[in-house]
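Everything on this sheet refers to the single structure shown next.
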Ligand SMILES: Nc1ncnc2c1ncn2[C@@H]1O[C@H](COP(=O)(O)OP(=O)(O)OP(=O)(O)O)[C@@H](O)[C@H]1O
Ligand SMILES: [Mg+2]
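Residue numbers (our numbering): 3 to 237.
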């Protein structure tokens, strides 16, 4: 069976201009992500990891280069089209869980579904949220507020929210940065299980142990991919 290419970056650059200072955060990055991949991106602080993830997640645009996701050439899209593509095809998990404290766990996870262009029935929303809660083993906390949960539990809710639209790819930036090692390990275990069940993941991490859990390990150095090798099998 031929693998389906989900994402293709060709010669992506990103320049930031601040007070006459020019930073070349990305300098000609090429990256192809296939269905079912689990990619980790490591590299020193400031090498461009989050910038790359932000571009992959359609939260920012590259200065030059081509980005194709799910058959769409991103640079040809309007701002609104990009926002729709982001909401429906990208799941984002950040170091700081970014949950809304005023909303219940259920409503946090339901949020991306309520912003869909094609509205879903409340029955459909309910069944999707429940299924994602089951995936992250948090069904028993649906009516809690995020600040009534542990850090590890909050991150699992953030993962459920990222999965609720059945995204083409889950983008994860330092998911364990705010967690102790026990909770961090549990979150990483969960990401591996999700990948085994078919979710495509691209994750940034400083931790070599966690980077090793991915099937493809990439290294960024000064905005360029330094090295690439594939382990072939998930551990
Ligand atoms: N909005 C911005 N404006 C100006 N410069 C920026 C901006 N965002 C990032 N940069 C610069 O781009 C470079 C790459 O930043 P990035 O956040 O991608 O690094 P990183 O690899 O994620 O680092 P860390 O491991 O510390 O999170 C840095 O030199 C940073 O100062
Ligand atoms: Mg970063």
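For every residue, glycine included, the Cβ atom is placed at its ideal position computed from N, Cα and C.
Note that the coordinates shown come from a computational prediction; the quantities given were computed from them, not determined experimentally.
Ranked by Cα distance from residue 120, the options 225, 19, 71 and 89 are led by 89.
Under the 10 Å beta carbon count, residue 45 is surrounded by 16 or more other beta carbons and is classified as buried. For residue 152 and residue 189, the gap between their C-alpha atoms comes out near 12 Å. If the five residues before and after residue 59 are omitted, its C-beta is found closer than 6 Å to the C-beta atoms of 92, 94 and 173, all from its own chain and listed in chain order. Apart from sequence neighbours up to five positions away, no residue of its chain approaches residue 150 with a beta-carbon distance below 7 Å.
In the DSSP assignment, residue 187 falls outside any beta strand (DSSP E) and lies within the alpha helix (DSSP H) extending over 183-198. Along the region 64-97, the beta strand (DSSP E) occurs as fully enclosed runs of 3 or more residues at 66-71 and 92-95, listed in sequence order. Excluding sequence positions up to five before and after residue 9, its CB lies within less than 6 Å of the CB of 35 and 71, all in the same chain and listed in chain order.
The set of residues with a C-beta under 7 Å from any non-hydrogen atom of ligand 2 comprises 51, 52, 175, 176 and 206, given in chain order. The straight-line gap separating the alpha-carbon atoms of residue 214 and residue 43 is approximately 10 Å. Closer than 7 Å to some heavy atom of ligand 1: that describes the Cβ of residue 47.
Under DSSP, the beta-bridge partners assigned to residue 40 are 203.
DSSP places residue 20 within a strand segment (E or B) once states are collapsed to three. The C-beta distance from residue 13 to residue 38 rounds to 25 Å, too long to meet the 8 Å contact threshold. Secondary-structure assignment with DSSP links residue 222 through a beta bridge to 227. About 6 Å separates the beta carbon of residue 55 from that of residue 206, a gap short enough to meet the 8 Å contact definition. Taking C-beta atoms as the reference points, residue 17 and residue 86 fail to come closer than 8 Å. Of the candidates 208, 40 and 125, the residue whose Cα lies closest to the Cα of residue 178 is 208. Here residue 50 has 27, 28, 222 and 225 as same chain residues with Cβ atoms under 6 Å from its own Cβ, once five neighbours each way along the sequence are excluded.
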